[in-house]
Every structure is written in structure tokens, then in C-alpha cells.
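The block underneath contains the structure these notes are about, expressed in C-alpha cells.
Chains as they are written, first to last, in our numbering: chain A, 34 to 428; chain B, 34 to 428.
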């Protein structure tokens, strides 16, 4: 990066982050910049650089060459910063209202400089604290309709899509998902992590050949079906929200995969709220309904108006595609429910339940709902049946 | 290519082809080389360079920057020569007995220098002339079990597979298949070509929404399902054979796609023989049975002994995978039958039937069998049911 006058990766600190922002001319030359590292230090450094005079601020995100979540022993290439920056830029083009603007990115330094969204909260944290985001489901439905349709062979010329497939081949981050979502929780793996009270339920899962077969098929879909450019990690921790705005961040897991994976992660991560807090169930179910309805309405409109596929007018084709997405969404949601309960990476929605017996009870419900969704995804015909299946399992 | 002491692509001629072979030290320094262009001039130049003293010979294939089949107006990148050379080398590693050896390749000149197989015949030509290849179905079953398994997420680490997916992104050649196999024959497209006596049948096809929907789904599978590295054009014109040997050539359409596509092209191209010549039906059916049985036996053995997927021991998983391949094979065979009858590129098996009314009759049978296979692929449960379905449709 000529801007930093050196050739090799080096981590930024608060001083060099501010310097970089200045060199990029993102601020007036008289700006009085302050800089602070605000990341959770998991996989990345995150600096907020702010001009005390104008109040203007930007975020500088830098990938670290390892994943702290499992110590420094899990090295990750910095290439993920390029994937993330490229995905943000593309998603911003396709769904500008739901994606932060990228001002600058550099592959060598694994840096992305982007819009500061600190007027919003991380949706998971806000939801746990009782915040309500009345538009979040509608926004996510629109965001996914646009990104999933417009990067598919329906929204792009197949040759242009293939270029994107090639650009977004993402072996390392996909491997994390392949292992931690689709494999380890279903076997007695070292990465698993769960309360000892769950061991009987977990052993039941490990010996459930029906669930394992259906999970194997979902994993195979994840490995092989290059339908659309996915966000790849679309849980409520990757979403900034307020009562009026929704922004999707952190697409470092982006790759071409099955559309239902992004859809499923959204509904699973909403469901953790319904499981953790019975009083919230109807609200969450209503969000899930709105999410799917908005997604299908918007997707259908794109299908009709912007389709490049000559067969798109064939009777029943759109319905077949939406049916597949629906089925996949349910199955992938099931996998997410299970892995967040007994796998390596948990969710605060469940782990934060202080009462031990309530927490265990909630986790058993989550596991059972996950299994149920995985094995019955072919039979559930529409969103109302899905909600009623979920209700039955959360009783 | 330093060997040719120049930087830019230029077509070879018989003299420069011989010079190249000499420079590559493929022959003794006293060799008396003769060189002749033996290609059909379609997409490539093909030179045979032979030492008159030792009798040793090699093939030098050079891609042309356009497809002659539709005039010079259809430019094709030379990158396909690299794809072809890379695929030949990989397939040779995986199934050495069925793939010619590559001695040298050069991307700039779009050249592949390889084993001369002129002691064998092109299977399509041989079959039309009444040759028999008793081992061809067994060999192709083995070849496909090895190449399809060993390039999949079952035979490779998913990250290694993703590298291959990236290397074999093949937009231009895939587009030819997307258009000429999966799209144009199902619409009133300029590229179509058929006898006017077929117009009523063809119009029936164009208005058959059920066939079109199922074809759309097969096309979508071709566009999105990166299961295995396919040959991509595995008809009997891409196979050299004798009574004892089978070699698969010309993988310039190679890309990661659904395994059933290669399987389906094999059985469709055998079926043209059964349709063109009633007396051959039982022999061809027997080949198709042997092909599928050998494929599943060999694939199952690789699955059991060389599987990298932790779920591979899950009850019923292998059966699910083979069932999907079977279903896809039938559907893709149906598409091939149709496109070779009314699309741009025909087969000599059918076009060579001199008697006009017999030829039309055979083509109508082909079209109807194609449609039948496409729409009933989900219902046909095993190879015997497939053969009996085919028999019924050829009566």
C-alpha cells in the first residue's frame, strides 16, 4: 500500500489508523482526529477514527492473520479481507440501503475503510436487551431477495456469474462452516462445547442416523450448489439495526452457495430469541413470516422483471425455485440451531440465560427443534406450516 | 513458448509441428519425421508427427481461435487448450488406463502434445460401421467412477476441490452447452436444425411446459451443481476404442458440474445406435446395464475405501448419492437425445440413415424418448426399469 509506504502486512494501531484515514483524504485537512480500537478482537482489529470538529467518523477494519476464538493456533489467510471488501462493494451495489459504503480497501494490509454505523446497534445485542427492530425482517427479506437473485444465473449472464464464482472461491472460511456447522456437532469432536447436562441429548443426536443423513445432504448442498453469492455468516451479530435502519456487515464468509443457507441463518438466529424468551415468540414468528413474505414478493418481482433465463416464463419454474429455497432454508436453520447449542461457537441469546435449569431446558428445545427442521424440511409446505411446526416443538 | 522462439500465438503447420516435436526431444535425434494434419478442422488443428525409422508417433493438437462449425463468427478463447491439457493430465492421474498421456502443453500457443492413439478408432464411427467394442461400457463405467469420485468432495479435501473448481471455471465452453443442449432446442432458435417433416413434433416440444420445466431444472443443475470435474462432452466422438482398449479424449469442456451429465451423455450416445438400428438394441441395452453396474460397483468401492467425508458411513448416504446420479443421468440423457436431433450439432448415427422416412421415424422416436426420460427421471427406480422404459418407447 503506497499510502503506508511499505510493502508488507503489519497490524495497524490507533495512531497509524488515524494517519491512514488522513492520507485517504476522508477528512478535512484541519480535522482533529481521534482513533480507538473498538473490535471484539476475534478475527479482526476495528478502529473508529473520528474528527472531533465535524463529528464525522469512519471505520477501519483490519484482518488478523489468525482467529483468536481458538487461540493463535488457527491461522487464517488475510485473503478474507479482500473477499469481505469485494463482497461489501458488490452487495452495496445490489442493495445499497442495507450495506455500508466502502471508501477504500487494500489487499496487502487486509484493510477495509468503511462507513461508520455506530448510530446503530448489533441486532443480537439489542434483541437480547429487549430492543425492538420493527423493520428488520422486511429489510432482511429485501436484502436477500436482491443479493441472492442478482448474483444468480437468473440475474446475471451465466458467464458473468462464473467470473464471480471464481473470484469468491473461499476455501478457508468455508472450511470453518463445513466443520463447525455441518460436521463437528454431529460427531464426538474436540471442538464441541456444551453443558454436561446435555450429554444424553447430544448422544441421541450422534446416533440418530436419519438426522445425520439429512445433515450430510445439507452439507453436500453447501459444498456443491453454487446458486448465489452468499453472505455466508448472516446471524444477528452480523447485522446493525435501529428502529428504522438495517445494515448487513462482515461478509468475510462470502462464497457461491445455496441461497437457503443465508435465509436459514436469519430465521435460526431470530428463533434463538423465541426460545430464550417465551414472551417474545409471537413477535419473532411475525418477523419470520414477514421475512419470508417480503423475500418471496421481492424475489418474484425481480424474477418477472429482470430475469436473464429464457426458461423463466415456463409454468411453475419460479414456484419450484422458491420451494427449493424454502426447503433448504428450513434445513440450514436446523443445522444452525444445533451447532450454536453444542458446537464451538455459541450465541449469547442462549448462553446468557442465567438460570441453569432454564438454560438447559432451552438448549434441549433448541436441539430438538433443530433435528425436527432438518428431517421434516421436505414435508413443510409453507410458512404457516413452518411456524406451526416450530410452535409445536417449543411447547 | 521458448521452444518456438516467439511470444504470440500463431497456427502451426506440418513443418513447424514436426520441428516442435523434435525440439521437445520426443524422438531420437536421427529420427526421420513426417507430419500430417489429420483433424476434422472443427475447433482445432491436429497433427500426427511420425518417425519413419522407429514407427513412433505423437499427436500435436492446437486450438483455433474460432469454432469452424458455425464459421469464423464464433470466436472462442484459446484458454480451452489449457483447460483440455490440464484436464487430460488430471484424468490421466486418476484413471491412467483410459486417458492418453500428455507430453507437453503450452498455453500461449494453445498446444497439447500427446500420445498417438491412431491404432484405435473413434467409437462413434466404429459403431456406425458395425464394429463391436465389448469392453467399452465396462471401461467407461470405471473411468467415470474414478474421475467423478476422485474429484468430488468425497474423494478430495473440500479445500483442494475448491482449487480445482477455480482452475476449471470454463465460461465459454459451458455457454455452448447451456445454449445448444439446454436452451435452443426447446425454443424456436436460429441455431436449431431439423428436417421440415419434424416441425409438428418440434412444435409439440416447444409448447410442452412440463418438459420445459424439467429441462429448466436440469439446466439449473448444470449451471450450479459443482459436484465433480466433468469431461463435459463425453459422447462417442470423444472416445477412442478397440476390442480391448478405451481412451477418453478431448476434455476441453471440462468444468465442475453434476456427475450425472457425463453419465447421461454416455448412455444417450449409446442409445443413438439402438435407435438407428433395431438389431443392435439388445447389445446396446446390455452395454448400458454394464456401464451403470460397473460405475456403481467401482464408485461404491471408492466410497468405502477412499472417502474423506466424515458422514460417508452414515446409513443410506451412498445410496442417496447414487440415486441422485441415476436420476440426473436419465434427465441429461434425455436432453442429449433431443439436442442431437433438432439442435445445431447432430450425430452421424441418425443423420446417416439414408432412407428418409426411416430417418424421420428414428428422429421422432429419439425426440419422444428424450422427453420421456426428462419427465420421468424421478420415477425410474433402477437400471432395469430404465431399460424397460426405453424399450417401450422404441417399439
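Every residue, glycine too, gets a C-beta built ideally from N, C-alpha and C.
(message) Taking a contact to mean a Cβ-Cβ separation below 9 Å, would you say residue 206 of chain A touches residue 109 of chain A in this structure?
(response) yes
(message) Just to confirm the assignment, what range does the alpha helix (DSSP H) spanning residue 322 of chain A have?
(response) 314-339
(request) Flag this pair as yes or no: are the beta carbons of residue 114 of chain B and residue 80 of chain B separated by less than 9 Å? (result) no
(request) For residue 314 of chain A, collect the residues of the same chain with a Cβ closer than 8 Å to its Cβ; drop the 5 residues on either side in sequence, then sort them by chain order. (result) 307, 424 and 427
(request) Give the interface partners of residue 375 of chain B over in chain A, defined as CB-CB distance under 9 Å, in chain order. (result) The contacting residues do not exist; residue 375 of chain B stays about 16 Å from chain A at best.
(request) Could you say which of B:288, B:162, B:279 and B:213 lies nearest to residue 153 of chain B if we only look at CA atoms? (result) B:279
(request) Determine which residues of the segment 236-253 of chain B have a Cβ less than 9 Å from any Cβ of chain A, and write them out in chain order. (result) 242, 243, 245, 246, 248, 249, 250, 252 and 253
(request) May I ask which residues mark the beginning and end of the alpha helix (DSSP H) holding residue 247 of chain A? (result) 242-257
(request) At 8 Å on the CB atoms, spell out the chain B contacts of residue 214 of chain A, in chain order. (result) The contacting residues do not exist; residue 214 of chain A stays about 13 Å from chain B at best.
(request) Pull up the distance between the alpha-carbon of residue 180 of chain B and that of residue 132 of chain B, whole angstroms please. (result) 11 Å
(request) Write down the C-beta distance between residue 87 of chain A and residue 61 of chain A rounded to the nearest angstrom, noting that I regard them as a contact closer than 8 Å. (result) 7 Å
(request) Using the Cα positions of residue 253 of chain A and residue 232 of chain B, report the straight-line distance between them to the nearest angstrom. (result) 42 Å
(message) Judging by CA-CA distance, which residue of B:191, B:384 and B:345 is the nearest neighbour of residue 245 of chain A?
(response) B:345
(request) In angstroms with no decimal places, state the Cα-to-Cα distance between residue 265 of chain B and residue 324 of chain B. (result) 18 Å
(message) Assuming the contact rule is C-beta atoms closer than 8 Å, residue 174 of chain B and residue 328 of chain B should be a hit. Round their C-beta distance to whole Å, please.
(response) 4 Å
(message) Which residue wins for smallest C-alpha separation from residue 120 of chain A, given the options A:169, A:155, A:199 and A:192?
(response) A:199
(message) Under 9 Å, CB to CB, which of the residues in the segment 326-355 of chain B have a partner in chain A?
(response) 342, 343, 344, 345, 347, 348, 349, 350, 353 and 354
(request) Evaluate residue 412 of chain A with the Cβ neighbour count: other Cβ atoms within 10 Å of its Cβ, from every protein chain shown; 16 or more gives buried, anything less gives exposed. (result) exposed
(message) Quick check on the burial criterion: 16 or more other C-beta atoms within 10 angstroms. Buried or exposed for residue 277 of chain A?
(response) exposed
(request) Take residue 419 of chain B and list the residues in its own chain whose beta-carbon comes closer than 7 Å to its own, dropping the five residues that flank it on each side. (result) 363 and 413
(request) Using 10 angstroms around the beta-carbon of residue 421 of chain B, count the other beta-carbons present and answer buried if the total reaches 16, otherwise exposed. (result) exposed
(message) Below 9 Å on C-beta distance, what does residue 135 of chain B contact in chain A?
(response) Ordered by position in chain A, no residue passes the 9 Å Cβ test against residue 135 of chain B, which lies about 24 Å from the chain.
(message) I'd like to know if residue 178 of chain B contacts chain A, where contact means its C-beta is closer than 9 Å to some C-beta of that chain.
(response) no
(request) Report back the beta-carbon spacing between residue 224 of chain B and residue 186 of chain A to the nearest angstrom; my notes put them in contact at under 8 Å. (result) Not really, about 20 Å apart at Cβ, beyond 8 Å.
(request) Answer with yes or no whether the minimum CB distance from residue 220 of chain B to chain A is below 9 Å. (result) yes
(request) Determine the extent of the alpha helix (DSSP H) in which residue 282 of chain B is found, giving its start and end residues. (result) Note, residue 282 of chain B: premise wrong, no alpha helix (DSSP H); not H, not E.
(message) So that I know if they touch, is there some Cβ in chain B lying closer than 9 Å to that of residue 181 of chain A?
(response) no
(request) Could you check the C-alpha separation between residue 116 of chain B and residue 203 of chain A for me, to the nearest Å? (result) 21 Å
(request) Could you check the C-alpha separation between residue 213 of chain A and residue 156 of chain B for me, to the nearest Å? (result) 48 Å
(message) Once DSSP output is grouped into helix, strand and coil, what is the label at residue 265 of chain A?
(response) coil
(request) Give the interface partners of residue 259 of chain A over in chain B, defined as CB-CB distance under 7 Å, in chain order. (result) 257 and 259
(request) Give me the Cβ distance between residue 188 of chain B and residue 55 of chain B, rounded to the nearest whole Å; I'm assuming they're in contact under 8 Å. (result) Incorrect: roughly 39 Å between the Cβ atoms, too far for contact.
(message) Which residues in chain B have a C-beta closer than 8 Å to the C-beta of residue 186 of chain A? List them in chain order.
(response) 253, 256 and 257
(request) Can you give me the Cβ contacts of residue 227 of chain B inside the same chain, cut-off strictly under 8 Å, excluding the 5 residues immediately before and after it? (result) 235, 374, 375 and 396
(message) For chain A, check one thing: does any of its Cβ atoms lie closer than 9 Å to the Cβ of residue 40 of chain B?
(response) no
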